[in-house]
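Asks:
2 protein chains.
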Amino acid sequence: MPHPLFEQHRPLLDGALRAIAERGYWAAFSENPSPKAYGDEAPEAGRAAFQGHLGKPFELDQPGQAGWHTDEKSPYGLALDVRYPVCDPQALMDAALRAMPAWQALGAEGRVGICLEILQRLNRQSFEIAHAVMMTSGQGWMMAFQAGGPHAQERGLEAVAYAWREMSFIPATSTWEKPQGKHPALVMEKHYEIIGRGVAVVIGCATFPTWNTYPGLFAALATGNPVILKPHGHVVLPAAITVRTIRAVLAENGLDPDLVTLCLPVSHEAAHTLYTHPDVHSIDYTGSNTFGRWLLDHCRQAQVYAELVGVNSIVIDSTDDYQGMLRNLAFTLSLYSGQMCTTSQALVIPAGGIDTDDGHKSYEQVCQDLAAAIDQFLSKPEVATAVLGAIQSDDTLRRIDQAAAGALGQVVLSPRAIVNPDFPQARVRTPVLLTCDAQDTTHFSQEQFGPISFLVRAPDTAAALALVEDLTRRHGALTWSIYSTREDVIDASIQSSWRAKVALSINFTGGVYVNQSAAYSDFHGTGGNPAANASYADSAFVANRFRVVQRRRHA
Amino acid sequence: MPHPLFEQHRPLLDGALRAIAERGYWAAFSENPSPKAYGDEAPEAGRAAFQGHLGKPFELDQPGQAGWHTDEKSPYGLALDVRYPVCDPQALMDAALRAMPAWQALGAEGRVGICLEILQRLNRQSFEIAHAVMMTSGQGWMMAFQAGGPHAQERGLEAVAYAWREMSFIPATSTWEKPQGKHPALVMEKHYEIIGRGVAVVIGCATFPTWNTYPGLFAALATGNPVILKPHGHVVLPAAITVRTIRAVLAENGLDPDLVTLCLPVSHEAAHTLYTHPDVHSIDYTGSNTFGRWLLDHCRQAQVYAELVGVNSIVIDSTDDYQGMLRNLAFTLSLYSGQMCTTSQALVIPAGGIDTDDGHKSYEQVCQDLAAAIDQFLSKPEVATAVLGAIQSDDTLRRIDQAAAGALGQVVLSPRAIVNPDFPQARVRTPVLLTCDAQDTTHFSQEQFGPISFLVRAPDTAAALALVEDLTRRHGALTWSIYSTREDVIDASIQSSWRAKVALSINFTGGVYVNQSAAYSDFHGTGGNPAANASYADSAFVANRFRVVQRRRHA
């Protein structure tokens with residue numbers, strides 16, 4: 240008998256399965272933060288729920304609690320003062336292992352049904368989560384709602400769909416009947432049990448605390464694994480809300496809520512002990528190369544799914560829509576102050592300039608025009624604050640100051656501090672544009688996280704493509720964009736993107752941006768260059784999170 | 240337009256796809272070495288083809304040839320004197336990378352079509368390959384034909400079917416159309432290109448030079464990767480024949496044969512340089528823990544699919560078919576002189592003995608009866624030589640002598656040397672049985688490769704199950720067998736097998752043996768305990784061998 244939640248949410252699953260097969264546009268959840276989509280009460284109820292967390296302990300009733308975590312910071316300058324349980328990682332581990340057998344016994348349908356119910360419940364909390372994401376990550380409201388709410392939920396649902404597809408291939412039983420000529424056939428009955436690898440640790444990042452967390456979280460959960468969610472220490476609330484909802488759904492369904500816990504280790508050492516624990520069999524991580532490398536080198540007991548940083552590039556060869564290109568790039572470089580793993584950092588332009596529908600433009604002119612386009616786009620303060628959000632980390636703030644002082648390249652657009660009237664303490668900065676020559680690789684070949692981009696002067700388009708391919712192969716990239724009116728250049732960049740294994744966006748001049756990646760349709764990361772060893776989402780993202788243990792006996 | 244070979248072999252593929260979905264019995268290739276199945280000429284033609292290789296250079300026309308490899312040995316004492324090309328690994332690597340783009344461009348259908356054609360061609364060479372496998376690995380004739388020929392081909396076909404299933408999920412193109420309310424929809428055209436990870440190295444083993452090689456070889460090839468096949472230095476001919484056939488099929492289809500090459504490095508250092516080469520992105524390996532560990536530790540640039548050694552166990556609690564059990568075990572322990580990664584090593588028996596349909600048997604009685612059953616089974620020399628084959632390596636021979644001398648435990652069955660009249664130089668040995676107590680773990684908890692098994696005396700069945708679970712979790716196992724008439728014991732062993740992630744065989748008393756694993760139906764290895772980090776075959780075995788690189792542009 241199928242699990243009732245599996246039956247109930249079957250249309251949702253079928254929609255996602257169709258979407259990952261066809262890879263067209265599809266959405267399970269509305270990205271419009273409107274009362275029409277979410278109900279008249281939702282906006283205010285979500286705000287109230289968020290406000291209700293502030294200044295209070297966030298109770299989760301987890302085992303091994305030894306204190307409270309109080310280190311959360313808001314880039315908007317809001318005093319959050321939420322206290323989160325600090326639990327002994329070993330106690331969480333023990334509890335996770337205790338909870339695992341019943342989760343396995345539930346079977347793929349039951350687990351998927353529960354995951355879909357969780358996603359539905361999280362969707363109804365989208366306003367609450369959006370406020371939490373905005374105030375901790377520094378995203379603007381619309382991005383916090385969309386990326387933090389429905390888009391993150393879509394990525395979670397996508398992971399569940401992949402997990403289901405792979406698990407559904409495993410028959411529960413089979414009869415193996417081998418003919419023996421004139422003798423009776425050999426007949427065996429076989430059973431196949433899907434078993435999670437073990438405890439999964441999912442490490443959240445500071446900028447996309449749900450979008451980059453839900454894929455690993457739901458992939459691990461659906462395939463039979465307990466999950467210990469370790470959020471960034473400064474960005475906890477979105478993860479805490481998520482964990483509380485998951486635990487509630489588990490408990491309502493007669494399951495041990497300790498299957499999923501929030502972990503805020505007391506120290507780096509305690510965190511490292513958790514990550515290298517022999518019972519941890521997978522780690523999902525989004526963040527710096529340095530720590531990602533550490534995980535890959537030290538957590539050899541686990542499969543590590545790592546999205547690290549890279550150097551995303553754009554080659555501008557020519558365009559038949561110069562103004563559209565400038566507008567598109569201005570938005571791309573401004574959105575969330577470039578604090579996206581997909582934001583372009585190196586814009587490589589031939590020294591001889593580019594042909595456009597508005598005549599030939601010199602390299603210098605393109606630089607000036609892009610700077611002016613960004614200035615123009617951000618000229619209205621309410622647009623600027625909505626698009627830019629706030630600067631999440633002190634490091635990024637320092638990096639912007641460094642870039643503004645000319646330490647990374649020649650400044651063609653200086654960053655400005657903008658006051659957000661709603662949040663006077665918010666640290667808001669406009670992008671900084673630097674110029675440099677292609678051979679001055681020191682700064683642009685390292686990720687300069689935040690609103691810092693380089694307009695790199697290359698000898699010609701061929702050299703620009705070669706530079707970008709080399710950059711991507713050596714340092715990794717999640718995105719790569721080409722502007723050209725010449726099909727031979729586009730063909731060359733396609734070939735180049737194959738060798739560098741990076742997703743390519745061609746001539747984006749309208750309302751789609753290179754730094755956006757759509758669930759079900761766009762693979763986020765190829766898993767084939769140094770920026771990421773996995774992709775959201777594909778079969779490889781889920782297939783090795785479970786194993787099949789068979790048994791056989793004479794029929 | 241589909242590739243003609245894909246169309247032609249579509250029924251073969253469809254059969255395999257159905258078989259991996261249902262996991263019942265299915266075979267694409269006859270395991271019967273009869274003229275009826277393979278044609279009247281096949282046996283003699285195969286023998287002649289094999290004989291034709293002896294004493295000659297095995298020309299492959301590969302780049303960078305610097306000499307000849309002459310180190311092959313026959314456990315049957317036959318002088319093979321085949322010389323194989325020794326090529327500079329860097330030259331093979333360069334050639335592989337040159338061949339890769341055209342292989343990618345062929346697409347999934349084309350690559351799968353070619354792989355199926357290769358498998359068909361290898362099938363027609365089954366007699367030739369069987370002689371080669373027999374004379375190099377030391378397998379008996381029937382096993383060499385079945386495991387070396389059709390069964391290996393089935394495992395190759397199985398890997399192709401998994402690869403196809405995963406690749407076929409990736410649409411070549413999609414149209415992404417996102418509604419924008421009253422505004423025109425955003426429309427993007429997207430392309431998805433399947434791209435192999437890079438050069439695959441497949442390292443063959445000495446005992447199953449095709450069965451353990453074809454899964455990785457065909458999984459890597461079908462998913463778009465060039466393959467460098469590095470056979471065991473003493474067991475080359477089956478791999479050389481395979482590579483020659485593949486190269487012929489590639490060339491006939493207008494493809495660069497250097498996509499697949501045979502590599503016999505001049506030294507260990509040269510081999511290590513190959514394995515750690517930055518362009519090597521996957522390694523398939525079957526063999527010792529020591530070297531497998533080395534690969535996992537040093538080849539961090541590659542995905543390593545490793546089947547290592549373990550300690551396969553049997554718990555004997557009780558049986559309702561004592562004679563059937565003894566006969567089954569006698570065959571299992573004798574087959575190919577225990578030189579299978581699936582052969583049972585530790586047979587754990589309660590100190591108080593076991594209940595059987597023939598009355599209660601003491602621990603000592605079971606040991607005596609099993610020794611007698613093996614003696615009886617191998618009493619006819621022609622049966623003995625056919626089943627035992629010959630001892631492949633000097634190390635195994637030494638280990639048997641060591642065990643016979645009592646160095647590993649108390650001897651209850653001494654190994655005998657048997658003369659094979661057809662091959663007087665063949666080194667043939669019958670199994671050695673040792674007894675020891677459960678706490679004397681020193682010897683039985685390490686793999687003693689070859690016909691060496693321990694009859695371990697445990698306090699009781701519960702202790703036996705606990706011991707085996709612990710052994711498996713710490714040292715790994717590919718197989719685990721239980722004999723019991725009590726469902727509670729069987730249930731406990733099922734639970735135990737889940738925790739230890741090992742395949743369980745229950746009460747095997749007939750014509751199926753724990754050390755046999757059937758393509759399409761049995762997962763060979765779970766990939767979840769130290770004996771193997773991958774399984775033949777499942778989605779995880781193929782899904783990460785390719786990546787998808789997308790591109791998108793306005794429609």
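Those protein sequences? They're chains G and W, same order as listed.
According to the numbering used here, the residues represented by the first sequence are 240 to 794, in order.
According to the numbering used here, the residues represented by the second sequence are 240 to 794, in order.
We treat Cβ as the ideally placed atom computed from N, Cα and C, and that holds for glycine.
(1) Alpha carbons only, please: which of W:L476, W:H520, W:T375 is nearest the one belonging to W:P465?
(2) Measure the alpha-carbon distance for W:S407 versus W:A347 and round it to whole angstroms.
(3) Out of W:I467, W:W415, W:A541, point me to the one whose CA is closest to G:G767's CA.
(4) Any beta carbon from chain W within less than 9 Å of G:V399's own beta carbon?
(5) What residue range is occupied by the uninterrupted alpha helix (DSSP H) comprising W:Y401?
(6) Give the secondary structure of G:P272 by DSSP, where H, G and I count as helix, E and B as strand, and everything else as coil.
(7) Distance cutoff 9 Å, beta carbons only. Does G:H516 sit that close to anything in chain W?
(8) Kindly indicate the opening and closing residues of the alpha helix (DSSP H) around W:Y453.
(9) Tell me the DSSP bridge mates of W:V466?
(10) In this structure, how does DSSP classify G:W380 when only helix, strand and coil are distinguished?
(11) From the DSSP output, in three-state form, read off W:W265 for me.
(12) W:F693 and W:L565: beta carbons closer than 9 Å?
(13) In whole angstroms, give me the CA-to-CA distance for W:P589 and W:V671.
(14) In chain order, what residues of the same chain lie with their CB nearer than 6 Å to the CB of W:R725, ignoring the 5 residues before and after it?
(15) Can you pull the DSSP bridge partners for G:K600?
(16) Nearest chain W C-beta to G:L468 closer than 9 Å, yes or no?
(17) State the Cα-Cα distance for the pair G:Q641 and G:I691, rounded to the nearest angstrom.
(18) Can you pull the chain W residues whose beta carbon is under 8 Å from the beta carbon of G:H714, in chain order?
(19) My output table needs one value for G:I729: the three-state DSSP class, helix, strand or coil.
(20) Counting only beta-carbon atoms, is W:V239 nearer than 9 Å to chain G?
(21) Can you tell me where the alpha helix (DSSP H) with G:Q562 in it begins and where it stops?
(22) Against chain G, does W:I827 count as a neighbour if the rule is that its beta carbon must be under 9 Å from one of theirs?
(23) My output table needs one value for G:G306: the three-state DSSP class, helix, strand or coil.
(24) From the DSSP secondary-structure annotation, give me the bridge partner or partners of W:P296.
(25) Tell me the residue span of the alpha helix (DSSP H) that contains W:F245.
(26) Can you find a C-beta in chain G that's less than 9 Å from the C-beta of W:W737?
(27) Could you tell me which chain W residues have their CB closer than 8 Å to the CB of G:S313, listed as they occur along the chain?
(28) If you pair each beta-carbon of the stretch 312-319 of chain W with each one of the stretch 494-508 of chain W, do three or more pairs fall below 8 Å?
(29) Grab the span of the beta strand (DSSP E) containing W:T660 for me, first residue to last.
(30) Near W:S744, what residues of its chain come up, given a Cβ to Cβ distance below 6 Å and the 5 sequence neighbours on each side ignored?
(31) Are the C-beta atoms of W:M427 and some chain G residue less than 9 Å apart?
(32) How far does the beta strand (DSSP E) with G:E416 in it reach, from first residue to last?
(33) Where does W:N362 sit, in a helix, a strand or coil, going by DSSP?
(34) In angstroms, rounded to a whole number, what distance separates the CA positions of G:S255 and G:Y453?
(35) So if I threshold CB-CB distances at 8 Å, which residues from the stretch 273-286 of chain G count as touching chain W?
(36) Can you name, in chain order, every residue of its own chain whose Cβ lies under 7 Å from the Cβ of G:V372, other than the five neighbours on each side?
Replies: Short version:
(1) Locating residue 465 of chain W in the second sequence gives position 226, where the first residue counts as 1. The candidate whose alpha carbon is nearest that of W:P465 is W:H520.
(2) Indexing the second sequence from 1 puts residue 407 of chain W at position 168. Indexing the second sequence from 1 puts residue 347 of chain W at position 108. Distance between the alpha carbons of W:S407 and W:A347: 7 Å.
(3) Here the question's residue 767 of chain G lines up with position 528 in the first sequence. Selection W:I467, W:W415, W:A541 evaluated against G:G767 yields W:A541 as nearest (Cα-Cα).
(4) Along the first sequence, read from residue 1 onward, the residue named residue 399 of chain G stands at position 160. No - not a single Cβ of chain W is within 9 Å of the one on G:V399.
(5) Stepping through the second sequence from its first residue, residue 401 of chain W is reached at position 162. The continuous alpha helix (DSSP H) containing W:Y401 extends over residues 389-407.
(6) Start at 1 with the first residue of the first sequence, and residue 272 of chain G comes out as number 33. The answer is coil: DSSP assigns G:P272 none of H, G, I, E or B.
(7) Within the first sequence, the letter at position 277 stands for residue 516 of chain G. G:H516 has a beta carbon lying at 9 Å or more from every beta carbon in chain W.
(8) For this step, residue 453 of chain W is matched to residue 214 along the second sequence. Element bounds for W:Y453: 453-461.
(9) On the second sequence, residue 466 of chain W is found 227 positions in, with the first residue counted as 1. Partner(s): W:A439, W:V499.
(10) Stepping through the first sequence from its first residue, residue 380 of chain G is reached at position 141. Helix, per DSSP.
(11) Taking the second sequence and counting its residues from 1, one reaches residue 265 of chain W at position 26. Of the three classes helix, strand and coil, the one that applies to W:W265 here is coil, per DSSP.
(12) Here residue 693 of chain W corresponds to residue number 454 of the second sequence, with the count starting at 1. Here residue 565 of chain W corresponds to residue number 326 of the second sequence, with the count starting at 1. No; because the gap between Cβ atoms is not below 9 Å, this pair is not in contact.
(13) Within the second sequence, the letter at position 350 stands for residue 589 of chain W. Within the second sequence, the letter at position 432 stands for residue 671 of chain W. In this structure, the CA atom of W:P589 is about 21 Å from the CA atom of W:V671.
(14) Counting from 1 along the second sequence, the entry for residue 725 of chain W is found at position 486. Contacts found: none.
(15) One-based indexing of the first sequence puts residue 600 of chain G at position 361. Note: G:K600 sits in a beta bridge opposite G:I593.
(16) The sequence position of residue 468 of chain G within the first sequence is 229, counting from 1. Interface with chain W (9 Å Cβ-Cβ cutoff): G:L468 is excluded.
(17) Taking the first sequence and counting its residues from 1, the one referred to as residue 641 of chain G is at position 402. Taking the first sequence and counting its residues from 1, the one referred to as residue 691 of chain G is at position 452. Rounded to whole angstroms, G:Q641 to G:I691 spans 10 Å at the Cα level.
(18) Here residue 714 of chain G refers to the residue found at position 475 of the first sequence. When 8 Å is used as the limit between beta carbons, G:H714 is near no residue of chain W, the shortest such separation being about 15 Å.
(19) Translated into positions along the first sequence, residue 729 of chain G becomes position 490. Note: G:I729 maps to helix in three-state DSSP.
(20) Chain W is shown only over 240 to 794; residue 239 of chain W falls outside these bounds and no answer can be derived.
(21) Position 323 of the first sequence holds residue 562 of chain G. Per DSSP, G:Q562 belongs to the alpha helix (DSSP H) from 561-573.
(22) Absent from the model: residue 827 of chain W. The displayed extent of chain W is 240 to 794, so no value can be given.
(23) In the first sequence, the residue the question calls residue 306 of chain G occupies position 67. Correct three-state label for G:G306: strand.
(24) Within the second sequence, numbered from 1, the residue matching residue 296 of chain W stands at position 57. For W:P296, which the question treats as bridged, DSSP gives the partners W:R322.
(25) In the second sequence, residue 245 of chain W corresponds to position 6, counting from 1. Membership of W:F245 in the alpha helix (DSSP H) is indicated by the continuous run 243-247.
(26) As a first step, residue 737 of chain W must be located in the second sequence, where it is residue number 498. At least one chain G Cβ lies under 9 Å of W:W737.
(27) Counting from 1 along the first sequence, the entry for residue 313 of chain G is found at position 74. The contacting residues do not exist; G:S313 stays about 32 Å from chain W at best.
(28) no
(29) By 1-based counting over the second sequence, the position of residue 660 of chain W is 421. Per the sequence presented here, residue 660 of chain W reads as Pro, with Thr not at that position. First-last for W:P660: undefined, no H or E at that position.
(30) As a position in the second sequence, residue 744 of chain W is number 505, starting the count at 1. Closer than 6 Å at Cβ, skipping near neighbours: S720, V753.
(31) For the purposes of this step, residue 427 of chain W is taken as the residue at position 188 of the second sequence. By this cut-off, W:M427 is an interface position.
(32) Numbered from its first residue, the first sequence carries residue 416 of chain G at position 177. Taken as a continuous stretch (DSSP letters only), the beta strand (DSSP E) holding G:E416 covers 412-419.
(33) Counted from its first residue, the second sequence places residue 362 of chain W at position 123. Looking at W:N362 - three-state DSSP - the assignment turns out to be helix.
(34) Position 16 of the first sequence holds residue 255 of chain G. Position 214 of the first sequence holds residue 453 of chain G. In the sequence on display, residue 255 of chain G carries Ala and not Ser. Straight-line Cα distance between these residues: approximately 15 Å.
(35) none
(36) Counting from one through the first sequence, the residue named residue 372 of chain G turns up at place 133. Once the five neighbours on either side are set aside, the close Cβ partners of G:V372 are Q378, A383, G387, P448, T449, P477.
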